[in-house]
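What follows is a set of notes on a single structure, which appears directly below.
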Amino acid sequence: MPHYEYDKDYPFAAFITNLGKYNEGTLVGEWVKFPTTAEELQKVFERIGIGSKDDFGQPYEEWFITDYDCYVDGLYDKLGEYENLDELNYLASKLDEMSQSEYEQFQAAMSMDEHTGSIQEIINLTENLDCYDIYPDIQDYDDLGRYYIEELDAMQVPEHLKNYIDYEAYGRDVALEEGGEFTDFGYVRDTGDRFDEVYDGDRDSIPEEYRVMGSAAEPELTQDEKLEMAMDLAFDLDQFFRQQDPQYAAEHPDAQAAKEEMAGKLFEGRIAFVEDRLNDMGPEALEQFSQRLEDFKDTIGYEEFLDVDPAAIREALENPDKSHVDEMLAFAEQAGREYEAEMFGKAPEPTPDDRETGETVRTPRGTFYVTDMSREQMETAGYGLHHQSDDGKYLIMGNGTRAFAIRNEEAQEHAAPEKMTVLVVEPRKEPYLKEIDPGLHSLQAEVGGDIAASYPFSDPVGLVCNDEGKLIGLELNRGLRDEDGNLYDIMAGTFLVVGLGEESFASLSPELAQKYMEHFKQPEQFISLNGQIIALPVEPENPLRTAEMTLEDDYGMIDGVINNGRKGEELEAAKAEAHRISPEKRPSIRERLEEAKKECGERKRPDKAHQKKPPEHDL
Numbered sequence: 001m002p003h004y005e006y007d008k009d010y011p012f013a014a015f016i017t018n019l020g021k022y023n024e025g026t027l028v029g030e031w032v033k034f035p036t037t038a039e040e041l042q043k044v045f046e047r048i049g050i051g052s053k054d055d056f057g058q059p060y061e062e063w064f065i066t067d068y069d070c071y072v073d074g075l076y077d078k079l080g081e082y083e084n085l086d087e088l089n090y091l092a093s094k095l096d097e098m099s100q101s102e103y104e105q106f107q108a109a110m111s112m113d114e115h116t117g118s119i120q121e122i123i124n125l126t127e128n129l130d131c132y133d134i135y136p137d138i139q140d141y142d143d144l145g146r147y148y149i150e151e152l153d154a155m156q157v158p159e160h161l162k163n164y165i166d167y168e169a170y171g172r173d174v175a176l177e178e179g180g181e182f183t184d185f186g187y188v189r190d191t192g193d194r195f196d197e198v199y200d201g202d203r204d205s206i207p208e209e210y211r212v213m214g215s216a217a218e219p220e221l222t223q224d225e226k227l228e229m230a231m232d233l234a235f236d237l238d239q240f241f242r243q244q245d246p247q248y249a250a251e252h253p254d255a256q257a258a259k260e261e262m263a264g265k266l267f268e269g270r271i272a273f274v275e276d277r278l279n280d281m282g283p284e285a286l287e288q289f290s291q292r293l294e295d296f297k298d299t300i301g302y303e304e305f306l307d308v309d310p311a312a313i314r315e316a317l318e319n320p321d322k323s324h325v326d327e328m329l330a331f332a333e334q335a336g337r338e339y340e341a342e343m344f345g346k347a348p349e350p351t352p353d354d355r356e357t358g359e360t361v362r363t364p365r366g367t368f369y370v371t372d373m374s375r376e377q378m379e380t381a382g383y384g385l386h387h388q389s390d391d392g393k394y395l396i397m398g399n400g401t402r403a404f405a406i407r408n409e410e411a412q413e414h415a416a417p418e419k420m421t422v423l424v425v426e427p428r429k430e431p432y433l434k435e436i437d438p439g440l441h442s443l444q445a446e447v448g449g450d451i452a453a454s455y456p457f458s459d460p461v462g463l464v465c466n467d468e469g470k471l472i473g474l475e476l477n478r479g480l481r482d483e484d485g486n487l488y489d490i491m492a493g494t495f496l497v498v499g500l501g502e503e504s505f506a507s508l509s510p511e512l513a514q515k516y517m518e519h520f521k522q523p524e525q526f527i528s529l530n531g532q533i534i535a536l537p538v539e540p541e542n543p544l545r546t547a548e549m550t551l552e553d554d555y556g557m558i559d560g561v562i563n564n565g566r567k568g569e570e571l572e573a574a575k576a577e578a579h580r581i582s583p584e585k586r587p588s589i590r591e592r593l594e595e596a597k598k599e600c601g602e603r604k605r606p607d608k609a610h611q612k613k614p615p616e617h618d619l
């Protein structure tokens, strides 16, 4: 066994981590010294949870290497987080089997930085140490020159001329010619012998005694197990595509059907369609699933030349109308148009990508980029109608692989916006029906600011009010009561009673409009009594009645002026008497006005001579 750095008895150790738990936010792993055994590694896997199941019943199967402790000079930077454990154990075992001199020769060869690009190459380097000569006592060019002249007799130099030889210059020429290098272990040169590839990177090329990841002769999975594996892979792929690729969601609106279809194709060995879509999404997408796809290929015995769809070929031959021949023809026609345009100096026909506006439209089937091409242009480019947006303003056009949104010009030209019937409830007024434009701006205009909605009733209705009504001091309007009739909230400011559609507010039905017109018919005012809020019914405002009261109020004021009004003592006495007679209920303003009017009528009017004259003004 060689002597490693820091007096360690192993070349390196790896911290093996449970990938599933790491993705859940928990670091679960353990240091493993290499070389190790399959039994010891299996115990480590059990301790870190590899093979156990998560909360959803899915087993933790994947792992990665978080860090290394390496005591072989120059090796640490060559080790990655997804290294093959069999390869690591193979390398560690080869290092551990070396003598001290062989290990020093290996270290010197590593310093040459040849055949060190991967673990596979470094393993082969351990098998080809005879391709390098090491001279531990030669530390510089002068030593090298003297060694070649004096020891190897590379040049015959008379004794009396040896003091005049530039050994350093000669040694530099020798090193340059041989491609030799000076290392911490001495001078190293390539012998020129053939470098043999003993290990070709195939796991089967690793001797059995060095393998730690189980036997290659593992029992083959049953058909049911393969199908379950295909379903698991299809589920993860479908979820990934729906999150990253809006075109996929448009093509496959039924998620369950899409997963089953994909699982069937995977089970049959038709994997190229998955790799093509991942490739289109970029290298990061393919990298995320590359290992799982390779494992699945190994499981089902995948052969690339069989990755075709025989059923699709058969259907195309038997039913040309149902095949993708039309798509291929459309592509060929487009290519022909571009070629013709190039030949005659014309601009090629626009494509949806060329005319993207930067906007997107979201529908229940996905999110689509908007292009300003017309429907005719899209159809010419090979795109057909797929579906419409919910508001009918956009058409989603697809060609089987991609889809774009275009404005529905016909709908925008002919469709008049529908009015929405709502119940308006204002403070001190009876409710009334009103037709307004649908949309946020109309609702905001009715309530005088940003809106808030509540749904206190079992009927499909909502209450829309000013979101800051209470904060800005809007007049309290109507109270909301629970099943027992207890007041639990008060609406402030004008609010609306609206119907509820599937996705937004809608018109009130005649039945609900009548119901809630009666419900909120009585205006209310609110007072605080012994720490509790009390709602009192008030008469609704009436313009004619208000005018009458104003006229009566003016008449009373005129009578008061004519009679010089009541003296202060009389007023105080009248107030005290009114309070004594009816302490629990004060007369209403109307009652007091009627009483004042009656008293004025009973009094004798003063002579005109005593009437005050109006003030004189200069004209």
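Taken in order, the sequence shown gives residues 1 to 619; the numbers are from the working numbering.
By construction, the Cβ of each residue, glycine as well, lies at the ideal position given by its N, Cα and C atoms.
With contacts defined by Cβ atoms closer than 9 Å, GLN522 and ALA403 do not form a contacting pair. Around VAL44, the same chain offers ILE16, GLU30 and VAL32 as residues with beta carbons nearer than 7 Å, after the five sequence neighbours per side are excluded.
Note: MET491 is bridge-paired with ARG478 in the DSSP secondary-structure output.
DSSP places GLY448 outside both helix and strand once states are collapsed to three, so it counts as coil. Between the C-alpha atoms of ALA38 and MET98 there is a straight-line separation of about 22 Å.
Straight through space, the alpha carbons of LYS470 and TYR432 are spaced by roughly 23 Å.
For ARG277, the three-state secondary structure derived from DSSP is helix. Put simply, the segment 458–473 touches the segment 497–505. At least three CB pairs are less than 8 Å apart. Exclusion of the five residues before and after THR191 leaves ASP130, CYS131, TYR132 and ASP133 as the residues of its chain whose Cβ lies within less than 8 Å of its Cβ.
Per DSSP, the beta bridge partners of GLY462 are VAL498.
For the segment 61–106, the full-length alpha helix (DSSP H) segments reaching 4 residues or more read 85–96 along the chain. With a 10 Å radius around the Cβ and a threshold of 16 neighbouring Cβ atoms, GLU409 comes out exposed. Per the coordinates, the alpha-carbon of GLN244 lies some 43 Å from the alpha-carbon of VAL72. Check the Cα spacing between THR351 and each of THR371, SER205, ASP166 and ALA14: the tightest is with THR371.
DSSP, reduced to helix, strand and coil, places PHE520 outside both helices and strands of the structure shown, so it counts as coil. In this structure PHE235 does not touch ARG277 by the C-beta definition: roughly 16 Å separates them, more than the 8 Å allowed. The beta-bridge partner set that DSSP reports for LYS434 consists of VAL422. In the three-state DSSP reduction, GLY145 falls in the helix class (H, G or I).
If you look at ASN486, you'll find it isn't in any alpha helix (DSSP H); DSSP assigns it neither H nor E. In the displayed model, TYR135 falls within a strand according to three-state DSSP. PHE505 sits in a strand when the DSSP states are folded into three classes. Residue burial is scored here from C-beta neighbours: SER389 has at least 16 other C-beta atoms within 10 angstroms and is therefore classed as buried. In the displayed model, LEU536 falls within a strand according to three-state DSSP.
Straight across, the Cα-Cα distance linking HIS387 with LEU395 is about 6 Å. In chain order, GLY186 and TYR187 place their CB closer than 6 Å to the CB of TYR135, counting only its own chain and leaving out the 5 sequence neighbours on each side.
For the pair LEU512 and GLU359, the Cα-to-Cα distance works out to about 39 Å. Within the segment 169–242, the runs of beta strand (DSSP E) that reach at least 3 residues and sit entirely inside it are, in chain order, 181–183 and 186–190.
CA-CA distance, GLU102 to LEU176, rounds to 25 Å. Closest by C-alpha distance to ALA249, out of PRO364, ASP153 and TYR141, is PRO364.
In the structure shown, SER454 adopts extended strand secondary structure according to DSSP, grouped into three states. In the displayed model, HIS441 falls within a helix according to three-state DSSP. Here DSSP, grouped into helix, strand and coil, assigns VAL361 to strand. Residue pairing by DSSP places ARG407 opposite TYR394 in a beta bridge. With a 10 Å radius around the Cβ and a threshold of 16 neighbouring Cβ atoms, ILE534 comes out exposed. Around the Cβ of SER507, a 10 Å sphere holds 16 or more other Cβ atoms; the residue is buried.
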